[in-house]
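Working notes for the structure below.
There are 2 protein chains.
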Amino acid sequence: MNRLYHVPLSPFCRKVRLTLAEKKIEVELVEERYWEPTPEFLRRNPAGKVPILRMDSRVLTESQAICEYLEETVPNPPLMPKDPGARHEVRRLCSWFDDKFQNEVTSKLVYERVNKKVMAQGYPDSKNVKFGAARIKYHLDYMAWLLDQRRWLAGDVMTLADFTAAAHLSCLDYISDVDWHRQPAVKDWYAKIKSRPSFRTLLVDQISGFPPPAHYADLDF
Amino acid sequence: MNRLYHVPLSPFCRKVRLTLAEKKIEVELVEERYWEPTPEFLRRNPAGKVPILRMDSRVLTESQAICEYLEETVPNPPLMPKDPGARHEVRRLCSWFDDKFQNEVTSKLVYERVNKKVMAQGYPDSKNVKFGAARIKYHLDYMAWLLDQRRWLAGDVMTLADFTAAAHLSCLDYISDVDWHRQPAVKDWYAKIKSRPSFRTLLVDQISGFPPPAHYADLDF
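Encoded structure:
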């Protein structure tokens, strides 16, 4: 059986979960307290991070590298276009969300509000929370600008870029940090992704001590 | 003419420069003061980062996405193997260096010692410098452990993983922050990469106010 070591509110783990579910690859989910690493865990991934996917008698790590592997070995349904220029745009946006959005928004809000408490690493730093809350506006506007020209974030077909972005936004939505009124085009885009069967696994996540708001699992939010 | 907007001591720009040179793609280098962004620069890359490659009437950004594009459009010589598992290992190690090594080492040493002064952002934070100097030892040991089992970092052929790692180490070597005596296997590996024609462009880099040490350009270091 394939096995994914993960934590529920990690955008990187969620991106892999969505990719697995889109490609109908069954997987057993195992929560991993990576901030209290065991020697066995570090053997699986010396980088000390999740997600870790055990599949095809391989141990796969790094979310983007895992998704590229899944795309190459289970090509249907495709989450990347065929044209190299279009593929570049998908990968550029994956980096946009996994690097820039992660540093400016996800880490500033999810890490400060949730992870710090779960990991017993102190209280939220209000300077970081303020920064993240201000910065998400810019990113929602950028997404709306893209969606004004395209059906999906990277072009006219749904790709890994959409699942990467949705993975981040879904974590922020769990803690009510997305203002869905700001950009109707972004809300419409998210509603389309959120109603996919692959998204169901994320909508039933429960983090102990942090119950999700009612709208989180509601498809008509 | 292809054009690369870059800064000389950025591992991400150097990774793209090495990939371009390996594939014998000619390019005009243009230094970009990305920390003083002009509207024109932000139009090319709203993420506000270098490298930016103008090629095939496209504007390409994000170093890993650029290198994947170059691999797909100019496949010879290949910098990625064909087997999906082997490709995953290349991409895993690219992430290792561009994310983990960057956060723990490159940013702690190069940013503190050089970028801060160039950007007029203050003095090196000695806590960061100490952290980076301690942490690089762990990474050199990890590389030696890989090279004990393989000819190159990701397997028995030279790949983008090697150029990614060499891009980071070459920046650190420019400021004499690599102890080449620690792991002879890593030194041997770096000597092989350093002697490639593609590396020459990096060895003549000069950062104003920071002359490189004599060993930096010496192939017999």
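Just so you know, the sequences run in chain order A and B. Just so you know, we're using the working numbering here: the first sequence kicks off at 1 and counts up by one. Just so you know, we're using the working numbering here: the second sequence kicks off at 1001 and counts up by one. Glycine is no exception: its CB is placed at the ideal position from the N, C-alpha and C atoms.
For secondary structure counted as the beta strand (DSSP E) over 3 or more consecutive residues, the region 1065-1144 of chain B holds no complete run.
Bounds of the beta strand (DSSP E) holding residue 1006 (chain B) are 1003-1006. According to the DSSP assignment, residue 29 (chain A) belongs to the beta strand (DSSP E) that extends over 28-31. Taking a contact as a CB-CB distance under 8 Å, the pair residue 84 (chain A) and residue 1073 (chain B) counts as one, their CB atoms being some 5 Å apart. Sequence-distant partners of residue 52 (chain A) (beyond 5 residues in either direction) whose C-beta falls short of 6 Å from its own C-beta, in its chain, are 5, 44, 45 and 61. Under the three-state reduction of DSSP, residue 1061 (chain B) is assigned to strand. Scanning chain B for C-beta atoms nearer than 9 Å to the C-beta of residue 196 (chain A) yields nothing, as the closest lies near 25 Å away. For residue 73 (chain A), the nearest CB of chain B lies under 7 Å from its own CB, placing it at the interface with that chain.
Residues of the region 15-38 of chain A with a Cβ closer than 7 Å to any Cβ of chain B: none. The Cβ of residue 1164 (chain B) sits no closer than 7 Å to any Cβ of chain A. Here the alpha carbons of residue 1196 (chain B) and residue 1106 (chain B) stand approximately 23 Å from one another.
Bounds of the alpha helix (DSSP H) holding residue 1193 (chain B) are 1184-1194.
Of the candidates B:1115, B:1114, B:1064 and B:1118, the residue whose Cα lies closest to the Cα of residue 1093 (chain B) is B:1064.
Taking one beta carbon from each stretch, the region 178-192 of chain A and the region 200-213 of chain A have fewer than 3 pairs nearer than 8 Å; the two do not touch.
Assignment of beta-bridge partners to residue 1055 (chain B) by DSSP yields B:1058.
The closest CA to that of residue 217 (chain A), considering only A:124, A:173 and A:145, is found on A:173.
Residues of the region 1052-1064 of chain B that bring their beta carbon within less than 9 Å of a beta carbon in chain A comprise 1056, 1058, 1060, 1061, 1062, 1063 and 1064, in sequence order. Around the beta carbon of residue 176 (chain A), fewer than 16 other beta carbons lie within 10 angstroms, which makes this residue exposed. When only Cα atoms are considered, residue 21 (chain A) and residue 1017 (chain B) end up about 37 Å apart. A straight-line Cα-Cα distance of about 20 Å links residue 59 (chain A) and residue 1152 (chain B).
Among the residues of chain B, those whose CB is under 9 Å from the CB of residue 95 (chain A) are 1047, 1061, 1062, 1063, 1064 and 1065, following chain order. For residue 210 (chain A), the beta-bridge partners assigned by DSSP are A:207. A check of alpha carbon separations from residue 112 (chain A) across A:127, A:91, A:25 and A:165 identifies A:127 as the nearest. When the alpha-carbon of residue 1123 (chain B) is set against those of B:1131, B:1114 and B:1130, the nearest one is in B:1114. Nearest in C-alpha terms to residue 97 (chain A), of all of A:70, A:88, A:169 and A:150, is A:169. Taken atom to atom, the span from the alpha-carbon of residue 24 (chain A) to that of residue 1 (chain A) is near 14 Å. Using a Cβ-Cβ cut-off of 7 Å, residue 1084 (chain B) is close to 69, 72 and 73 of chain A, given in chain order. Its Cα nearest to that of residue 207 (chain A), the residue A:117 stands out among A:117, A:108 and A:131.
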